[in-house]
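S.K.:
Residue numbers (this note's numbering): 1 to 261.
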């Protein structure tokens, strides 16, 4: 599959460009819509909750501390949630294409991942611009951000590919996953700091696999601290296992997916 993906690399690249172009071909704001939605989410939360939670964010010497904290977490969450959601219905949405064209099916998740990566890079640039306007310059530890983005994308694509294949045969998965993602958002310290929770709950919330990723984003962008290497290494090992399972299921179910669609 990897050799086939490399052979069709120009097809993957052109498909990413075409998808981005078609997505906004009739939109006057164009690519700005990629960053408007998450930034509006930050604005809403910051307006409603900043007075309550901003005083509980020690380590950020800025009057816009809570907004900065939100944007760091939203950057990670947006890449993860949008990639999983994209892959969830990937094969269903491209059913006609799979029936009419002969190409390696592994190209589809790679195209989706590439599109989500471009979206996230644009969001990152917008967030860095907002940081500058608010008077916060990311510390040197922000150089770890590309590694964190790569791990987040790898984690999301591994889960998304597995769920996308299963969703072809069990459509209930497509209804359940958005509910789980919504719950996972509130179980991850994005709009609040983990320190406001009782110690017993803090230990439980640390079991969330996204905790290490989101906290590492916040560390490198805001607090001038290194990522949580121990937790991230364990997460990377889990990603390798999930990816292996996803590729195995994808390869075995590939011929049957077209018939099911």
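Beta carbons: idealized from backbone N, C-alpha and C, even for Gly.
#1: So what's residue 85 in DSSP terms, helix, strand or just coil?
#2: Please state whether the Cβ-Cβ distance between residue 73 and residue 189 is less than 9 Å.
#3: For residue 46, collect the residues of the same chain with a Cβ closer than 7 Å to its Cβ; drop the 5 residues on either side in sequence, then sort them by chain order.
#4: Between which two residues does the alpha helix (DSSP H) containing residue 94 stretch?
#5: Quick one: residues in its chain with C-beta nearer than 6 Å to the C-beta of residue 212, no 5 flanking neighbours on either side, listed in chain order?
#6: Just the Cα atoms here: how many angstroms apart are residue 278 and residue 151?
#7: What number of angstroms, rounded off, separates the C-alpha of residue 115 from the C-alpha of residue 86?
#8: Grab me the residues of residue 158's own chain with a C-beta within less than 7 Å of its C-beta, minus the 5 sequence neighbours each way, in chain order.
#9: Under the three-state reduction of DSSP, which class applies to residue 75: helix, strand or coil?
#10: Which residues mark the beginning and the end of the alpha helix (DSSP H) in which residue 167 is found?
#11: Cα separation between residue 161 and residue 129?
#12: Go ahead and label residue 81 buried or exposed: buried means 16 or more other beta carbons lie within 10 angstroms of its beta carbon, across all protein chains shown.
#13: Let me check understanding here. Comparing Cα to Cα, which of 1, 9, 75 and 19 lies closest to residue 214?
#14: If you draw a straight line from the alpha carbon of residue 9 to that of residue 198, how long is it in whole angstroms?
#15: Report the rounded CA-to-CA distance for residue 43 versus residue 5, giving the unit in angstroms.
#16: State buried or exposed for residue 169, treating a residue as buried only when at least 16 other CB atoms are found within 10 Å of its CB.
M.R.: Answer, in terms of the structure:
#1: helix
#2: yes
#3: 66, 67 and 70
#4: Per DSSP, residue 94 belongs to no alpha helix (DSSP H) and is neither H nor E.
#5: 228, 231, 232 and 235
#6: Residue 278 cannot be examined here, being either before or after the span of the chain that is shown, 1 to 261.
#7: 10 Å
#8: 239, 242, 243 and 246
#9: helix
#10: 145 to 169
#11: 33 Å
#12: buried
#13: 75
#14: 50 Å
#15: 40 Å
#16: exposed
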